[in-house]
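Numbering of the sequence shown is given in the working numbering, commencing with residue 843 and proceeding in unit increments.
Ideal placement from N, C-alpha and C gives every residue a C-beta, glycine not left out.
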Amino acid sequence: MTICVFAGPSLSHAEVQQVLPAARVLGPVRQGDVYRAVQQFQPAAIAIIDGSFQQVPAVWHKEILWSLAQGIPVYGAASMGALRAAELHPYGMIGIGRVFQAYRDSCLPPYHNEVFEDDDEVAVLHGPAELGYPTVAEAMVNIRCTLALATEQQIISPASRDALAALGKGLFFARRTYAALLTAAADAGIEPAEIQALRDWLPQGKIDQKRDDALQLLQILRELPSTPTESPAAAVRFEPTTLWQHMVQTNAQQLLPAEQADAVVLEQLRTDPEVWQSVCEAALLHYLVNIAREQLGYTVDEAEKRTALRDWREAQGLYTRAALEQFLQANQLDDNKLSRLLENECLLTTLLSDPALQHVILDVLRLRGDYARLRSMLNK
């Protein structure tokens, strides 16, 4: 079962795979990535933890709704995932954790007098994936949760907690550090004894709420059944718009960054023009079938699916489950993606037998110049 996880910096690639060894970890999500993940991997579920939002457009609500409409559940937590889940939970996106709850309720206890809604509550400046996404600042939501715990443990007073939270909120997100916060606290006249007590307590007491929420989400995904059930959100009605079609066309030819190794496979395939052309034509048919499924509502019944699977296994010589598992692993497939591809093959067979196709075949013959030659044979 394939699960796509968009993470970094709340969790590193290695930290995700410690909990979900088979997960495809795809880095922070950007606009178009959810669409590409569904097209490339046909995952059983998608988890959004982190996302990019400054240098590139943020993940679009529409692509999450599209994934839900395909029957693929989308989970969110910690950072960008919590934001989008709070916005889309009425439509079926599943939010996990304290940060999600705060965005959903517009309140992060014990800060009841503040509306919790700003993107900068979870924003952090971080380094590249190659270095494990090292952060150079602290998320405001982590600071809030840390100050709340310090108050519970009587390190600081509730009044100082609220004052420190206000000072932290006033710092530019890329410069939010505990050192900067403590300096601002001293300048603001907060009780020096409390500042020192907090300084001494922070190394062991501070909270990384975003990381905790992300790990909670991964544990939930880890316990999902190996055979996925249809998402309850599959009933979401998706309306393709002009903007959506533009996004699809823009992103259709791009691979997700974490899967650029697949680009090497494509380059190798191009070295044999004849095979490349054949595979491209087959791929185009699958691409068009996907469009037909989405826009025309084509479906395949269970009997057709079973027949297609049986015929495919016989053609590949996969007579045992062990042989099938070995094939799937070698070709980076899982049962869910295989089922989707075989459904496409069933639909191709149906479409190829459509009488309306005969008119298109004749037009192709005309374009190639073969129509006159074949028609002339009638007179011989």
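Given a cut-off of 7 Å on the beta-carbon distance, is the pair V901 and Q873 in contact?
yes
Between the Cα of V861 and those of P870, V847 and G974, spot the shortest distance and give me the residue it belongs to.
V847
For G1010, the nearest candidate out of E994, T988 and S948 (CA to CA)
T988
Looking at A886 and D1055, is the spacing between their C-beta atoms short of 7 Å?
no
Looking at the secondary structure, which residues open and close the alpha helix (DSSP H) in which A928 lies?
M922 to L930
Do you know offhand how far L1170's Cα is from R1182's?
14 Å
Buried or exposed: where does Q1119 fall if 16 or more other Cβ atoms within 10 Å of its Cβ makes it buried?
exposed
Give the DSSP bridge partners of A887, in chain order.
I845
Is it true that the CB of D962 sits closer than 7 Å to the CB of F1015?
yes
For a quick check, are the C-beta atoms of A849 and V858 less than 7 Å apart?
yes
Which stretch, first to last residue, makes up the beta strand (DSSP E) that contains G918?
V916 to A919
Fully enclosed by the segment 955 to 1007, which alpha helix (DSSP H) runs are 4 residues long or longer?
982 to 994
Measuring only the C-alpha atoms, how far is E1156 from Q1168?
15 Å
Check whether the segment 1016 to 1033 and the segment 992 to 1008 are in contact - that is, three or more C-beta pairs closer than 8 Å.
yes
Count the C-beta pairs between the segment 1186 to 1204 and the segment 895 to 914 that are closer than 8 Å, then say yes if the count reaches three, no if not.
no
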